[in-house]
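Participant:
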Amino acid sequence: MVKLSAISPAHRDHQRYIVFGIISEKSFVLGDVVKTVWTSTLQLFGEVGTSEITLWMPSTLYNKTEKKGIIKTDNHSVEKIRAALACITNIENQKVIFKVLGITGTINAAKRKFLDPEDLQEKPLSEFSS
Amino acid sequence: MSRRFADLHILLNHSDNKDNLSEIVRSAEMLDLSSIVIFDTIEKTSEIKKFNDLREKIAKINTDTNIYIGAQISSNNPETVKSLILKTRSKVDIVAVSGGDIIINRLAVESSKVDILLSPEFSRKDSGLDEVMAKLAAKNNVAIGFSFRPVLHTYSKIRAHILSHMIYNWKLVKRFDTPFVIISSAQDVWDMRTGRELASFGTIIGMELSTALDAVSTNCEKIIGKIKK
């Protein structure tokens, strides 16, 4: 398969990693969290607005027990994603508050500062959906 | 120096003869809010006594968060609103008027005894604020409160209308240099948000990030500073 040629580093967007925590009475599987974040973003910014946002949640960087996760985005989308996270009121009918713990420029800094690497779920993606 | 965030409007919720005061304070600590203002609604002059009880309850709470008391005047009768503004001023730290009715909005911005006009666009088909009112609010130092809660609990068409009115109000506030704050207007602990998240909400209604951050920190401190004087 032919691969797209890589964009030169100077033309790439600057990546940002938003580390979030979920304040709630119970914990949630990653699939539900991803679905809720996307729904909130689509509701707030619409399809065209969301298309301008970079939003990716790596499955290996979600800690179900500590209710912490990372959203990979770029420097132009950070505020929009923060606003979308603030607009989330519930996941699977459980009331929640999304709290942004910090924003980093590298994935290693995000892991080092906010997540305990031993607790991260190194599981196949299929296990994260309900 | 890191910013100290404040939420100048959290409404006390009375249900089953209990209030959620302790939960609000615990949640404010969790959300890193340095100051909060707990409001109770008042519709009649006879209800003024409840603020003394609220002050006593707050004095018993052991917390690092600064807690202030506010009166939210909710009445559609201009005479009642005028009388409540005068009577509550000495009893509470912050006086806010619930916006929505155009006459009440005008009355609130004309009085220098009012600290915040809450959601002037509430339940309206227009923004509830015009150039004259924005100028009066600037002259009398009445802050316009941009509430997050109406956006949090509405969807699609209604949310779009609310945001559109807020964007218009923000343009007026910016043009006439009117004081403004971003507030959660939480009625439940689950409606509360961190100061930084409220600032993000400010950016979606057109504020620059630094201005939005001021709206949840510096501008709030100015209003709190008036209490201390």
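If you read the sequences in order, they're chains A and B.
Just so you know, we're using the numbering used here here: the first sequence kicks off at 1335 and counts up by one.
Just so you know, we're using the numbering used here here: the second sequence kicks off at 25 and counts up by one.
Ideal placement from N, C-alpha and C gives every residue a C-beta, glycine not left out.
It should be emphasised that the depicted structure is a prediction, and the values quoted were computed from it without experimental measurement.
So what does Phe-63 of chain B bridge to, in DSSP terms?
Facilitator: B:Leu-35, B:Gly-94
Participant: By the 7 angstroms beta-carbon criterion, what residues does the stretch 1343-1366 of chain A contribute toward chain B?
Facilitator: Ile-1357
Participant: Using only alpha-carbon positions, find the residue among B:Leu-35, B:Phe-170, B:Ala-184 that is nearest to Leu-153 of chain B.
Facilitator: B:Phe-170
Participant: Between Leu-55 of chain B and Val-1430 of chain A, what straight-line distance do the alpha-carbon atoms span, to the nearest angstrom?
Facilitator: Rounded to the nearest whole angstrom, the CA to CA distance from Leu-55 of chain B to Val-1430 of chain A is 13 angstroms.
Participant: Curious, which full-length alpha helix (DSSP H) runs of at least 4 residues does the stretch 83-137 of chain B contain?
Facilitator: 102-113, 126-134
Participant: Ile-182 of chain B lies in the alpha helix (DSSP H); which residues open and close that run?
Facilitator: Looking at the DSSP string, the run of the alpha helix (DSSP H) that includes Ile-182 of chain B is 180-199.
Participant: Identify every residue that forms a DSSP beta bridge with Trp-1372 of chain A.
Facilitator: Paired residue(s): none; Trp-1372 of chain A is not in a bridge.
Participant: Between Leu-1378 of chain A and Cys-1421 of chain A, which are expected to be in contact by the criterion C-beta below 8 angstroms, what is the C-beta distance as a whole number of angstroms?
Facilitator: With a Cβ gap of about 6 angstroms, Leu-1378 of chain A and Cys-1421 of chain A count as contacting.
Participant: Kindly list, in the order they appear in chain A, the residues whose Cβ is closer than 8 angstroms to that of Val-175 of chain B.
Facilitator: Near Val-175 of chain B (Cβ distances below 8 angstroms), the residues of chain A are Cys-1421.
Participant: Work out the CA separation of Ile-128 of chain B and Phe-1362 of chain A for me, nearest whole Å.
Facilitator: Looking at the backbone, the Cα of Phe-1362 of chain A and that of Ile-128 of chain B are separated by about 45 angstroms.
Participant: Return the CA-CA distance between Ser-135 of chain B and Asn-164 of chain B, expressed in angstroms with no decimal places.
Facilitator: CA-to-CA, the gap between Ser-135 of chain B and Asn-164 of chain B works out to about 6 angstroms.
Participant: Relative to the C-alpha of Ile-229 of chain B, which candidate in B:Ile-247, B:Asp-201, B:Thr-242, B:Val-175 has its C-alpha closest?
Facilitator: Looking at the Cα atoms, B:Val-175 is the closest of the given residues.
Participant: Pick out the complete alpha helix (DSSP H) segments inside the stretch 209-252 of chain B, 4 residues or longer, and give them in chain order.
Facilitator: Listed in chain order, they are 219-228, 233-239, 242-252.
Participant: Hey, quick one: how far does the alpha helix (DSSP H) through Ser-46 of chain B stretch, first residue to last?
Facilitator: 45-54
Participant: Under 8 angstroms, Cβ to Cβ, is there at least one residue of chain B near Glu-1461 of chain A?
Facilitator: Here the model assigns Glu-1461 of chain A a pLDDT of 48, short of 50, so the residue's position is not dependable and the matter cannot be decided.
Participant: Identify the contact partners of Met-190 of chain B in chain A, using a Cβ-Cβ distance below 7 angstroms as the criterion.
Facilitator: Chain A residues near Met-190 of chain B: none, gap ~13 angstroms exceeds 7 angstroms.
Participant: Within the 8 angstroms Cβ cut-off, does Thr-218 of chain B reach chain A?
Facilitator: By this cut-off, Thr-218 of chain B is an interface position.
Participant: For a contact defined as C-beta to C-beta under 9 angstroms, what are the partners of Tyr-179 of chain B on chain E?
Facilitator: Although the question refers to chain E, the structure presented lacks it and instead comprises the protein chains A and B.
Participant: Rank A:Val-1367, A:Leu-1338, A:Lys-1337 by C-alpha distance to the C-alpha of Leu-1395 of chain A and give the top, closest one.
Facilitator: A:Val-1367
Participant: What residue does the beta strand (DSSP E) around Ile-168 of chain B start on, and which one ends it?
Facilitator: 167-171
Participant: For Arg-27 of chain B, name the three-state secondary structure that DSSP assigns.
Facilitator: coil
Participant: Since Ile-1387 of chain A contacts Lys-1414 of chain A with CB under 8 angstroms, what's their CB separation in whole angstroms?
Facilitator: 5 angstroms
Participant: Does Ile-1431 of chain A come within less than 8 angstroms of chain B when only Cβ atoms are used?
Facilitator: yes
Participant: Taking 8 angstroms as the CB-CB limit, is Met-231 of chain B close to chain A?
Facilitator: no
Participant: Tell whether a beta-carbon distance below 8 angstroms holds between Val-61 of chain B and His-38 of chain B.
Facilitator: A distance of 8 angstroms or more separates the beta carbons of Val-61 of chain B and His-38 of chain B.
Participant: Helix or strand or just coil, what does DSSP make of Phe-204 of chain B?
Facilitator: Phe-204 of chain B: strand per DSSP, three-state reduction.
Participant: Three-state secondary structure (DSSP) at Arg-1346 of chain A?
Facilitator: coil
Participant: Let's see if you can read the secondary structure: which residues bound the alpha helix (DSSP H) around Lys-163 of chain B?
Facilitator: 155-163
Participant: Three Cβ pairs or more, each shorter than 8 angstroms: is that satisfied between the stretch 111-129 of chain B and the stretch 141-157 of chain B?
Facilitator: With the rule of 3 Cβ pairs closer than 8 angstroms, the stretch 111-129 of chain B counts as touching the stretch 141-157 of chain B.
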